[in-house]
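Scroll down for the structure; my scribbles are underneath it.
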Amino acid sequence: MTATLQVQLDPGATGPTQRRRGRHRARRVWVDRLIPVLLMLIGAVVLAYPVVATFYNNYKQSEFAREYAAKVATADPAALNAEFAAATRYNTALNPKLLKDPWDEASSALNADYRDYLSQLDLLEAMGRIRIPALDVDLPVLHGTSDDTLAKGVGHLFGSSLPVGGPSTHAVLTGHSSLANATLFDHLPDLSVGDQFYLEVLGRTLAYRVDKISVVLPNQLDDLAVTSGADQVTLVTCTPYAINSHRLLVRGVRVPYTQADGSAPGQATSTMDWSIQSWMWPRLIGAGVALLVLVAMIFGWIVSDRRRAARRAAKKKERERE
Numbered sequence: 001m002t003a004t005l006q007v008q009l010d011p012g013a014t015g016p017t018q019r020r021r022g023r024h025r026a027r028r029v030w031v032d033r034l035i036p037v038l039l040m041l042i043g044a045v046v047l048a049y050p051v052v053a054t055f056y057n058n059y060k061q062s063e064f065a066r067e068y069a070a071k072v073a074t075a076d077p078a079a080l081n082a083e084f085a086a087a088t089r090y091n092t093a094l095n096p097k098l099l100k101d102p103w104d105e106a107s108s109a110l111n112a113d114y115r116d117y118l119s120q121l122d123l124l125e126a127m128g129r130i131r132i133p134a135l136d137v138d139l140p141v142l143h144g145t146s147d148d149t150l151a152k153g154v155g156h157l158f159g160s161s162l163p164v165g166g167p168s169t170h171a172v173l174t175g176h177s178s179l180a181n182a183t184l185f186d187h188l189p190d191l192s193v194g195d196q197f198y199l200e201v202l203g204r205t206l207a208y209r210v211d212k213i214s215v216v217l218p219n220q221l222d223d224l225a226v227t228s229g230a231d232q233v234t235l236v237t238c239t240p241y242a243i244n245s246h247r248l249l250v251r252g253v254r255v256p257y258t259q260a261d262g263s264a265p266g267q268a269t270s271t272m273d274w275s276i277q278s279w280m281w282p283r284l285i286g287a288g289v290a291l292l293v294l295v296a297m298i299f300g301w302i303v304s305d306r307r308r309a310a311r312r313a314a315k316k317k318e319r320e321r322e
């Protein structure tokens, strides 16, 4: 009788201990599961962030260009014409000795010449807009080539002609490539002789056809000089990709603009580059694999927990029948 009573009391006596152990095991299981979940999520975010940031910044830069066009469309035509005329006079008096490499920090010193430059085409935050249909590029053109400027769009090189066209002018527009969070001029090497790009400045659209592509050292500026009588624009970025020891120059010569070549002057519509670049694929695939593994783990845990619960329920029923 005593032995039998002891056997019957043991389960009740050890019940609280078993429950505490069960709760401890449950907490340990959740901790063991939480760690791989966090690792997978962090890995996916780290891999995908540069891709998402690139698309986001591309959108913001393209939106900036559209806003410029919309503001110009509602601006006072007399003010636009006066500003354009002032820019033309500035180009006529421009000192060619001011021209330097776009990435030379000394070229943006806040001296009297630079302050005068900043006062040109300053009705709006951007001085203009550049569209390159062949590359799905639509970006604002801003004063100078500082890091802050080139993070927002395309910079106009101080010392070169303002981008308003006209005989004996040569505007130089610079853009970053190989940035981890924006496309900008990444695809500039894909332009070919004969391709066209367009500048929109103060309600006017200027068309340029690529006529020369060259690679030079940073201190070789001869190709950026004004050619007497010519109306030229050169697009500049660093090359080779991610090495940046040289400069890629894509020069365009002015050609007549027709509406069939692109959107109407001042039109606020825009296309944005949504293409997936080669460097994005490994990151997207890696992030996708991490998420698939995470889903598979969670699914496995759910199945395992349900089976374990079913076994417990079956054992409980057996004990009740006994």
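Using full-length UniProt numbering, you'd call the opening residue of the sequence shown number 1 and step up by one each time.
Yeah, the Cβ is synthetic: ideal placement off N, Cα and C, and Gly gets one too.
Keep in mind it's a predicted model, so treat the numbers as computed, not measured.
Is the beta carbon of residue i less than 9 Å from the beta carbon of residue j?
i      : j      : result
ASP138 : SER62  : yes
LEU179 : THR54  : yes
THR234 : HIS170 : yes
ASP222 : ARG251 : no
PRO36  : LEU294 : yes
LEU173 : PRO163 : yes
VAL255 : ALA207 : yes
VAL253 : ALA87  : no
TYR68  : PRO140 : yes
GLY203 : ALA75  : yes
LEU249 : VAL216 : yes
LEU39  : LEU284 : no
ARG33  : MET297 : yes
With a threshold of 16 other CB atoms inside 10 Å of the CB of residue i, please say whether the residue is buried or exposed.
i           : result
ARG131      : buried
PHE158      : buried
GLN232      : buried
LEU121      : buried
GLY194      : exposed
ARG247      : buried
ILE302      : exposed
ARG311      : exposed
GLU320      : exposed
GLY153      : buried
residue 324 : The chain is shown only over 1 to 322; residue 324 falls outside these bounds and no answer can be derived.
LYS60       : exposed
PRO102      : buried
ASN58       : buried
ARG307      : exposed
ASN91       : buried
GLY300      : exposed
LEU292      : exposed
ALA264      : Note on ALA264: pLDDT 48, under 50, position unreliable in the model; the coordinate value appears next. With fewer than 16 Cβ atoms within 10 Å of its Cβ, ALA264 is classed as exposed.
LEU99       : buried
Taking residue i as the reference, which of the options has the closest Cα?
i           : options                           : result
ASP186      : ILE35, ALA48, GLY175 and PRO96    : GLY175
PRO282      : VAL51, LEU39, LYS315 and GLN196   : VAL51
SER192      : THR169, ARG129, ILE35 and ASP211  : ASP211
SER243      : SER177, SER275 and VAL293         : It should be pointed out that residue 243 corresponds to Ile in this sequence rather than to Ser. Looking at the Cα atoms, SER177 is the closest of the given residues.
ALA134      : GLU67, PRO167 and GLN196          : GLN196
ARG209      : LEU199, PRO140 and TRP30          : LEU199
LYS97       : PRO218, ALA75, SER160 and LEU173  : SER160
GLU125      : ASN95, ARG115 and ALA65           : ALA65
TYR114      : ALA207, ILE276, HIS156 and VAL295 : HIS156
ASP190      : GLU320, LEU202, THR205 and ILE213 : ILE213
VAL226      : LEU202, GLY166, VAL255 and LEU292 : GLY166
ALA290      : ILE42, ARG89 and PRO218           : ILE42
TYR49       : ALA182, TYR257, LYS316 and LEU249 : ALA182
LYS71       : LEU123, TYR117 and TRP30          : LEU123
ALA230      : SER245, SER168 and GLN259         : SER168
residue 330 : LEU39, ASP136, PRO218 and ASP32   : Summary: the structure shown does not reach residue 330, with the chain confined to residues 1 through 322, and so no result is reported for it.
According to DSSP, residue i sits in a beta bridge with which residue or residues?
i      : result
GLN196 : ARG209
VAL250 : ILE213 and LEU235
PRO140 : ARG129
ALA171 : VAL233
SER160 : PHE158
ARG204 : VAL201
Quick check on residue i: does DSSP put it in helix, strand or coil?
i           : result
THR183      : coil
ILE302      : helix
ALA78       : helix
GLY286      : helix
SER62       : helix
TYR154      : Here the sequence assigns Val to residue 154, which means Tyr is not the residue at that position. Residue state, collapsed to three classes: strand.
VAL255      : strand
VAL226      : coil
THR269      : At THR269, the pLDDT of 47 sits below 50, so the modelled position is not reliable; the number obtained from the coordinates is stated separately. Three-state result, THR269: coil.
TYR241      : coil
ALA53       : helix
ASN95       : coil
ASP113      : helix
ILE276      : coil
residue 325 : In the structure displayed, the chain extends from 1 to 322; residue 325 sits before or after that span and is not available.
Please find out if some non-hydrogen atom of the ligand PLP comes closer than 8 Å to the beta-carbon of residue i.
i      : result
PHE158 : Here there are no bound small molecules, and the ligand PLP is not part of this structure.
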